[in-house]
Structure formats: C-alpha cells, structure tokens
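Residues in the sequence shown are numbered consecutively from 1, following our numbering. We put the CB at the ideal spot given by N, CA and C, even for glycine.
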Amino acid sequence: MSRARIVAGNWKMNKTFLEALHLTNEITSSLDKTLKNTQVVIAPPFVYQHTIGSMLKEFKTWAHLGAQNCHQAEKGAYTGEISADMLTSVGTEYVILGHSERRQQANETAQLLAKKVDTVLSKGMKVIFCCGEPLDIRQAQTHNAYVAQQLNDSLFHLEAAAYENIIIAYEPIWAIGTGMTATPEQAQDMHANIRTLLAEKYGQALANKISILYGGSCNATNAKSLFSQPDIDGGLIGGAALVAQEFINIIKTCEQVVK
Ligand code: PGA
C-alpha cells in the first residue's frame, strides 16, 4: 500500500530570523531534485511564514509551508491570535493541531481542537493532527483507548471526504524532547491501532490512504527502524529539525526506506 510519505519539521519557538533563513536554505539546496517519494513540511514560527513560504515556492513539488497553530474563529477581537485566512494569504498549506504542548500549555481542549480542525479544513489547508498519551497512561496500558478518545473527540465528526486533508501524527508525550523514543514496535502497534480505528469508522480503503507520522525524539539514527514499520509513513520532528544535516538525513531515510 503506497501512502504519501511525509517528514514535517516543527520548529516550535526556536530560531531567529536569520537562523531560520539559513536553515531553510540548507534544507532546500541539499534536497532539491533528490526526492521522489517524500513530501517535506517546514513549520516555522508565524513571523517567518511569509518569507519562508516565498523561499519554498521554488521547491513546491516537495517542500511545503506549515504553521504550528491557528485560531478557530474567522476574524475579530482576538488580540495576539492568527487566523486561517491570514495563513492562507501568506501561502501556508499545513497546520499542526493538537500538539501536546498546546494541549498542556495553552489548555487546548478536545472540543476546541475539533473547531480548529474545521476552520483549517474550511480554508483549504491540511491538518497535521497530533495525538498521544502521557507516561502514566502508557504505564497503565490504556494508551490505545486514550488515543482512540482523542481521535473520537476532535476528528471523527468529519465526513470521509475531509480526510484527503488530514494527516495524523502519533506523538507519545513521554517521548517528546526527552530522548526516550518509542520503540519501533510500540510505535507500529499504535499506528496500527489508529489505522484500525479509522477503518472501523470510515472503512478500510480510507484508512489505508491516511498518512500516520511518528513524533517524539525521532532523529537520523532511529528514523530507519521507525519508518520501515508498515504503518509509519514518516515523522513529525522537533529538536532534530533544527539541525540541517540531521533533518536532511531523516528525510533521506524516509525517501529510501523499503517497505
Ligand atoms: P521532538 O519533538 O522531536 O523534539 O521530540 C517532536 C514534536 O514535538 O513534534
């Protein structure tokens, strides 16, 4: 089953403007004309969206601009917020939603995320929807049910057709930024669980088409063992996306892995 392979770099709150331009240049110049199977998403902070989007245009067959958040409302009196129309007007194609840092630090609830998903999709952008359990849930062995609930609460209100623009990222919270990667088996088990949930809700044909990315301390060393799993279609990369050569090597691994 061939699905879109995707590697997305979530820069979080890192890099100054010049550093951001430099990193983008390194990635695009090194990878241009080398990728056939893999789509790359770069998700810098909001203030660099326009500039980096312009830089990526030349590489649009494989490189795409992503944002790390988006407000649910159309527009209005929301000081400090960014709307979906603002993002599309500067060329943003993907929005990361449901990241555990925003669920925890910005108190984003499942219900709010469902609204954000609707808003982003209604403006024609793609959603990278993050799910994943905290350590105590993993230890209690209830992680499958926990992630099922997250999908149920924020995604499963969608019509099947909407899934053309949905990518799911499984990011166990205990693995994010900790160096404690999920084992390839743990990740594969959860990805298969997510695909089964999609199949139960929308049918196997749709489930087979959805790209499910792994995130959480993924790096150039462990990428191959993760990406060679049958249900892992790429990665959502944090720390390792800030180092050009590391990110490039992860992308090359995704491109070359044989399934
Ligand atoms: P990490 O972050 O790769 O630094 O663990 C992943 C993420 O939060 O998306």
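Using beta-carbon positions only, say whether residue 66 and residue 20 come within less than 8 Å of one another.
In the sequence shown, the residue the question calls residue 66 occupies position 66. In the sequence shown, the residue the question calls residue 20 occupies position 20. Against a cut-off of 8 Å, the Cβ pair of residue 20 and residue 66 comes out as no contact.
Thinking just about the alpha-carbon of each residue, which of 149, 194 and 41 is nearest to the one in residue 250?
Taking the sequence shown and counting its residues from 1, the one referred to as residue 250 is at position 250. The option with the nearest alpha carbon to residue 250 is 41.
Of all residues in the structure, which have a C-beta closer than 6 Å to any heavy atom of the ligand PGA, taken in chain order?
The set, ordered by position in the chain, is 10, 171, 176, 177, 215, 216, 217, 218, 236, 237, 238, 239 and 240.
With DSSP as the reference, label residue 35 as helix, strand or coil.
By one-based count along the sequence shown, residue 35 stands at place 35. Here residue 35 sits in coil by DSSP.
In the region 165-193, which residue ranges form an unbroken beta strand (DSSP E) of at least 3 residues, counting only runs that do not cross its ends?
Counting whole runs of 3 or more residues, the region 165-193 contains the beta strand (DSSP E) stretches 166-170.
Does the Cβ of residue 157 have 16 or more other Cβ atoms within 10 Å, making it buried, or fewer, making it exposed?
Within the sequence shown, numbered from 1, the residue matching residue 157 stands at position 157. By the neighbour-count rule (16 or more Cβ atoms within 10 Å), residue 157 is not buried but exposed.
To the nearest angstrom, how far is the alpha carbon of residue 27 from that of residue 10?
In the sequence shown, the residue the question calls residue 27 occupies position 27. In the sequence shown, the residue the question calls residue 10 occupies position 10. Distance between the alpha carbons of residue 27 and residue 10: 14 Å.
State yes or no: is the C-beta of residue 127 within less than 8 Å of the C-beta of residue 167?
Locating residue 127 in the sequence shown gives position 127, counting from the first residue. Locating residue 167 in the sequence shown gives position 167, counting from the first residue. Yes, the pair counts as a contact, with Cβ atoms nearer than the cut-off.
Examine the Cβ distances between the region 136-145 and the region 73-80 and report whether three or more of them are shorter than 8 Å.
Because the criterion of three Cβ pairs below 8 Å is not met, the region 136-145 and the region 73-80 do not touch.
Whose C-beta lies closer than 8 Å to the C-beta of residue 38 among residues of the same chain, with five residues either side of it excluded?
On the sequence shown, position 38 is the one that residue 38 refers to. Only 5, 6, 7, 62, 234, 251, 254 and 255 meet the Cβ criterion.
For residue 93, is the classification buried or exposed, using 16 other Cβ atoms within 10 angstroms of its Cβ as the cut-off for buried?
On the sequence shown, position 93 is the one that residue 93 refers to. By the 10 Å Cβ count, residue 93 comes out buried.
Quick one: using the 10 Å Cβ neighbour count with 16 as the cut-off for buried, is residue 179 buried or exposed?
Position 179 of the sequence shown, counted from the first residue, corresponds to residue 179. Burial call: exposed.
Which same chain residues end up closer than 6 Å to residue 184 when comparing Cβ atoms and leaving out the 5 residues on each side of it in sequence?
Counted from its first residue, the sequence shown places residue 184 at position 184. Answer for residue 184: 225, 226 and 229, listed in chain order.
What is the rounded straight-line gap between the Cα of residue 151 and the Cα of residue 131?
Counted from its first residue, the sequence shown places residue 151 at position 151. Counted from its first residue, the sequence shown places residue 131 at position 131. About 7 Å.
According to DSSP, what are the bridge partners of residue 126?
Here the question's residue 126 lines up with position 126 in the sequence shown. Partner(s): 94.
In terms of DSSP beta bridges, what is residue 48 paired with?
Numbered from its first residue, the sequence shown carries residue 48 at position 48. Looking at the DSSP assignment, residue 48 forms no beta bridge with any residue, so it has no partner.
Quick check on the DSSP output: the beta strand (DSSP E) that includes residue 63 runs from which residue to which?
Within the sequence shown, numbered from 1, the residue matching residue 63 stands at position 63. Looking at the DSSP string, the run of the beta strand (DSSP E) that includes residue 63 is 63-67.
Does DSSP classify residue 236 as helix, strand or coil?
Within the sequence shown, numbered from 1, the residue matching residue 236 stands at position 236. Correct three-state label for residue 236: strand.
Here's a check: name, in chain order, each residue in its chain whose Cβ is nearer than 6 Å to the Cβ of residue 171, leaving out the five neighbours to either side.
Taking the sequence shown and counting its residues from 1, one reaches residue 171 at position 171. Excluding residues within five positions, the ones whose Cβ falls inside 6 Å are 130, 132, 215 and 216.
Can you say whether residue 43 is buried or exposed, counting buried as having 16 or more other CB atoms within 10 angstroms of its CB?
As a position in the sequence shown, residue 43 is number 43, starting the count at 1. Buried, by the Cβ-count rule.
Measure the alpha-carbon distance for residue 74 versus residue 243 and round it to whole angstroms.
If you number the sequence shown from 1, residue 74 lands on position 74. If you number the sequence shown from 1, residue 243 lands on position 243. About 35 Å.
Let's test the definition: count the other Cβ atoms within 10 Å of the Cβ of residue 16 and tell me whether it reaches 16, buried, or not, exposed.
The residue given as residue 16 occupies position 16 in the sequence shown. Exposed, by the Cβ-count rule.
Taking 8 Å as the threshold (C-beta atoms), are residue 125 and residue 162 in contact?
The residue you call residue 162 lines up with position 162 of the sequence shown. The residue you call residue 125 lines up with position 125 of the sequence shown. Cβ atoms of residue 162 and residue 125: not closer than 8 Å.
Since residue 3 sits in a beta bridge, which residues does DSSP pair it with?
Residue 3 sits at position 3 when you count from the first residue of the sequence shown. According to DSSP, which records beta bridges pairwise, residue 3 is partnered with nothing at all.
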